[in-house]
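Single-structure report; data block below.
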Amino acid sequence: MITLPTGTRIWIIAGITDMRCGFNGLASKVQNTLKDDPFSGHIFVFRGRSGKMVKM
Numbered sequence: 370m371i372t373l374p375t376g377t378r379i380w381i382i383a384g385i386t387d388m389r390c391g392f393n394g395l396a397s398k399v400q401n402t403l404k405d406d407p408f409s410g411h412i413f414v415f416r417g418r419s420g421k422m423v424k425m
């Protein structure tokens with residue numbers, strides 16, 4: 370079990386994400402789509418097309 374600091378939000382990104390993009394591409398999606406800082410300490414969860422893979 371992982372404990373998270375108080376105030377940490379978990380964002381589950383709706384839709385399908387191209388998992389070929391690396392973490393820099395996912396950080397860019399966080400900045401452009403959510404208008405949030407990817408280094409804010411919150412957790413962003415991306416789902417792949419097949420539903421078998423997630424990146425956090």
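Using this note's numbering, read the sequence shown as starting at 370 and increasing by one per residue.
Note that the Cβ used here is the ideal one computed from N, Cα and C, for glycine as well.
Fair warning: this is a prediction, and the values are worked out from it, not measured in the lab.
When rounded, the separation of the alpha-carbon atoms in Asp406 and Ile382 is 15 Å.
Within the DSSP bridge table, the entry for Arg416 names Val423 as partners.
The straight-line gap separating the alpha-carbon atoms of Arg418 and Lys424 is approximately 12 Å. Secondary structure note for Ser397: its alpha helix (DSSP H) is the uninterrupted segment Phe392 to Lys398. A Cβ-Cβ contact shorter than 8 Å links Met422 with Met388.
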